[in-house]
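Using the working numbering, the letters of the sequence shown map in sequence onto residues 896 to 1144.
All remarks here apply to the structure that follows.
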Amino acid sequence: MFYDLKGKVAIVTGAGHGIGREIALSLARNGADVVITDVTDEIFEVSKQIEALKSKALPIKCDVSDFGQARGVEEQVLEKFEKTDILVNNAGIYPQKQFLDMTVEDWSKVLHINLDGVFHCTKAVIPRMISQKHGKIVNIASIAGAIVGFSNLVHYSASKAAIVGFTKSLALEVAQYGINVNAVAPGPIDVGDLMQVNSAVYEQTIKAIPLGRMGRPLDIANLVVFLGSDESSFITGQCIVSDGGYTLP
Ligand SMILES: NC(=O)c1ccc[n+]([C@@H]2O[C@H](COP(=O)([O-])OP(=O)(O)OC[C@H]3O[C@@H](n4cnc5c(N)ncnc54)[C@H](O)[C@@H]3O)[C@@H](O)[C@H]2O)c1
């Protein structure tokens, strides 16, 4: 255990797989009780892993693009834990398509999940955080859009750049209540099915990373745990890049 999150309650969206799953497990390893939400049944497996770490787990199916479902999560969390200390807005999709082929439906789907999802879940938990006079919100952005451009990801990049604007502006509004709002911008992170290991694309991506390896979900989870802990209490409105130096050149 690196940070003392004992007694803290964290909600993680998109926690069934990849970075979100690792964030949920890392929060639990540091003592937090964790609410695991996702659209898939994988949350039930993650829930068992969290209980094996001796933390409490609450798996809830939730599509973040539906405000009613986001509000339902907060109601169930308050019923079981009576508070929410940390919200990690991680759920996101990144379907690749050239702009010329991109339909209005493609655009809306990505913005609805990646950006509206952040609004819905934050809107659901913030009244409670304000009355508690503390809270930590961590939004998972991306170097795509937030720092650099990426071909075939115009919709995704727009959603992630917007998350950074959302983060900075909300941080200003809620600082008076002791709430920290930050974003993390990961570079390429190997979540298993992003690209084939040892493929040409994989090797090419590694070559573009000065630290010489793909990021791991734990690289991002470690940063999120720090931003969810009291040790980061003087940091707010920031977007912190974790990309092995990918965006430096
Ligand atoms: N993997 C990377 O290289 C990378 C880089 C930068 C940013 N990110 C961001 O990190 C976050 C996690 O990505 P990942 O690579 O772990 O992806 P992933 O596909 O492994 O996991 C994303 C999870 O979100 C869930 N999800 C999808 N739509 C949802 C919805 N409507 N409501 C709730 N959950 C939903 C999925 O079921 C999945 O379990 C995303 O926001 C992504 O944009 C990833």
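Just so you know, even glycine gets a beta-carbon here, dropped at the ideal spot from N, CA and C.
Please read all numbers here as calculations on a predicted model, not as lab measurements.
Give me the Cα-Cα distance between G963 and F994, rounded to the nearest whole angstrom.
31 Å
heavy atom of ligand 1 below 7 Å from I931 C-beta
no
Could you spell out where the beta strand (DSSP E) holding G1030 opens and where it closes?
Looking at the DSSP string, the run of the beta strand (DSSP E) that includes G1030 is 1030-1035.
For H1007, which residues from the same chain have a beta carbon less than 8 Å from its beta carbon, with the 5 sequence-adjacent residues on both sides left out?
Scanning its chain for C-beta atoms nearer than 8 Å, with the 5 sequence neighbours on each side dropped, one finds around H1007 the residues S960, in chain order.
Ignoring anything shorter than 4 residues or poking outside the segment 1025-1076, list the alpha helix (DSSP H) runs there in chain order.
1038-1041, 1049-1069
Determine which residues share a DSSP beta bridge with D928 and list them.
DSSP, once it has assigned bridges, lists V904 as partnering D928.
Mind checking who C957 pairs with in its DSSP beta bridge?
In the DSSP output, where bridge partners are listed per residue, C957 has none listed.
Taking the CB atoms as reference points, tell me whether N1009 and G915 lie closer together than 8 Å.
no
Can you determine whether any heavy atom of ligand 3 sits closer than 7 Å to the C-beta of I1101, and answer yes or no?
Summarising the ligand content, the structure contains ligand 1 and does not contain ligand 3.
Let me know the secondary structure DSSP gives I1115 once reduced to three states.
helix
With 16 other Cβ atoms within 10 Å as the buried cut-off, status of D1138:
buried
Which same chain residues, not among the five before or five after V968, have their C-beta less than 6 Å away from its C-beta?
T932, I955, C957
I'd like to confirm something about T1062: is its beta-carbon nearer than 7 Å to some heavy atom of ligand 1, or not?
Exclusion of T1062 from the 7 Å shell around ligand 1 follows from its C-beta lying no nearer than that to any non-hydrogen atom of the ligand.
Cβ atoms of R966 and A1019: under 8 Å apart, would you say?
A contact, by the Cβ cut-off of 8 Å.
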